[in-house]
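If you read the sequence shown in our numbering, its first letter stands for residue 165, the second for the next number, and so on. By construction, the Cβ of each residue, glycine as well, lies at the ideal position given by its N, Cα and C atoms. Fair warning: this is a prediction, and the values are worked out from it, not measured in the lab. Since the structure comes first, as structure tokens, the remarks are kept for the end.
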Amino acid sequence: MADNPVKRYGFIVFLSTIFFHLILMDGGIYDLLKVKLKTRTAKLSIMQMEDDNATLSRELRRIREDDRYLEEMVRKKYGFVREGEKVYRVEP
């Protein structure tokens, strides 16, 4: 095979074609790597959303069950005061 340059170049072209199809064509290694990357990204996104969901569920449960916590949140967020309390505003 090494003696005949036509066979050698033909073999190189054949191997190059196979390599091209394995790497770059539809369903090739490149596409497989892209799908794996998208899958990994989606899994990380799902994990983050599950963590956020758990945090929000704990917050909601605390708001529903703990009246003091709810009052504290309403006072801070909306500036509510109890009847008879005095509000002092300090201007900078």
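Residues Arg226 of the same chain have their beta carbon placed closer than 6 Å to that of tyrosine 233, with the five preceding and five following residues left out of the count. As for any alpha helix (DSSP H) of minimum length 4 sitting wholly inside the segment 166-222, the runs are 169-188, ordered along the chain. Under the three-state reduction of DSSP output, tyrosine 252 falls in the coil class, being neither helix nor strand.
Taking the Cα positions, arginine 204 is about 29 Å away from glutamate 223. Annotation for histidine 185: Gly192 place their beta carbon closer than 8 Å to its own, counting only its chain and skipping 5 residues before and after.
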